[in-house]
Amino acid sequence: MTKLRRQSLTAYAAPLCETVVECPQPKGSEVLVRIERCGVCHSDLHIQDGYFKLAGDKRLDVTAGRTLPFTLGHEIAGVIERTGPDAEGAAPGRNVAVFPWIGCGACPACRHGEENICTAPRHLGVAVDGGFASHVLIPHPRYLIDYAPLPPALAGAYMCSGLTAFAALKRIADRAARGPLLLVGLGGVGMMGLALARAIFPQPPLVADIDQAKREAALAAGAAAAFDPADPGARKAVLAATGGVHGVCDFVGSESSLLFASGALAKGGKVVVTGLIGGNFSTPVAMFPLRAMTIEGTLTGTLAEARELMAFVRSGKVPPIPVHERPLGEAQAALDDLRAGRVVGRIALVT
Ligand SMILES: [Zn+2]
Ligand SMILES: [Zn+2]
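Under the working numbering, the letters of the sequence shown match residues -5 to 345, in that order.
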């Protein structure tokens, strides 16, 4: 039997360590994918911690329902190795990206194709074992998406950071006709959002980040202008340059980022929040009607959006974001670098 090597979470808030078990044999419609690359994502840090920070000392515990050792990682690209008897269309040897946001298939969200917001999710690397491993078991071939001619590390990244940015941009696409969009936060998702926005919309977006190196990277990648939200004059500078923006993505999701994002809006404007950094946000309720303001949250994206995104990026219209490759054994070091903010672009583990 093939062995399944994993960098496992064996205790919360403790470093990952290698565990080895027998590789599962796919049954029914299941597909066993041999992983080539798995991206390292900010949400892996939250799962390793066991909580999301809400505001002040408040935390959202996310340890329930997960048995340890557990395998993190949800930005997976690999090769189909073995298939169950009912896994139609999944030919061994095919290179595939894995859609990780797998739902129960039965709840109202799943029935409407929104498995990413399922009430009983089977999300890979979040609820069931994911991709910091040599292999991963997928329940059905419909979650496998061809990605050639992209490199596998980038294909995996499109299933989370790319998909999150794409779904957020779709929600403000109608605003893009009124003026440039504003992207707040230039981590992995933000840089992906910038690359996608450049390819989808005629006007290059404005960007904002507190880190000068990230602002410079964004300007080099074609942003129209870059602002430092920590600068007290930044909001006025955005308003002076644009008269107010009509669509903003908040890829940070903190009190200060959402204050900056909503404060830069024109009347009728909309902020889409994808970030999960934490904090409280308050605004006079009358501002919603008086400014005809919309604030919307979105969590990753649907399988249909993932297929749409992959078709778009395979067409070659989207410039690739930098992805740094490291061996699977350096998973913990990669997480540490991400936590310390030492990463521009994305990291992918070579498994
Ligand atoms: Zn992710
Ligand atoms: Zn469901």
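Quick reminder that beta carbons are idealized off the backbone N, C-alpha and C, glycines included.
A straight-line Cα-Cα distance of about 8 Å links Q206 and D222. These are the residues, in chain order, with a beta carbon less than 5 Å from any non-hydrogen atom of ligand 2: G97, C98, C101, C104 and C112. Using a Cβ-Cβ distance cut-off of 8 Å, the segment 306 to 313 and the segment 5 to 14 are not in contact, since fewer than three pairs of beta carbons, one from each stretch, lie closer than that value.
Taking the Cβ of C32 as the reference point, every heavy atom of ligand 1 lies at 7 Å or farther away. With a beta-carbon spacing of about 14 Å, E24 and G99 fall beyond the 8 Å limit used to define contacts. Contact between the segment 164 to 179 and the segment 52 to 70 is not established, with fewer than three Cβ pairs separated by less than 8 Å. With respect to the 8 Å criterion, R116 and I132 are not classified as neighbours on the basis of their beta carbons. Just measuring C-alpha positions, the residue of A300, L343 and V317 sitting nearest F160 is A300. In the pairwise beta carbon analysis, the segment 323 to 336 is classified as touching the segment 28 to 44: at least three pairs are separated by under 8 Å. If you check the CB distance, H134 and P94 do not come in under 8 Å. A residue is called buried when at least 16 other Cβ atoms come within 10 angstroms of its Cβ; A191 meets this threshold and is buried. In the DSSP assignment, F254 falls within the unbroken alpha helix (DSSP H) covering E249 to G257.
With a cutoff of 7 Å, E109 does not count as near ligand 1, since its C-beta is closer than that to no heavy atom of the ligand.
No Cβ-Cβ contact shorter than 8 Å links P86 with S2. In this structure, the CA atom of G33 is about 31 Å from the CA atom of R169.
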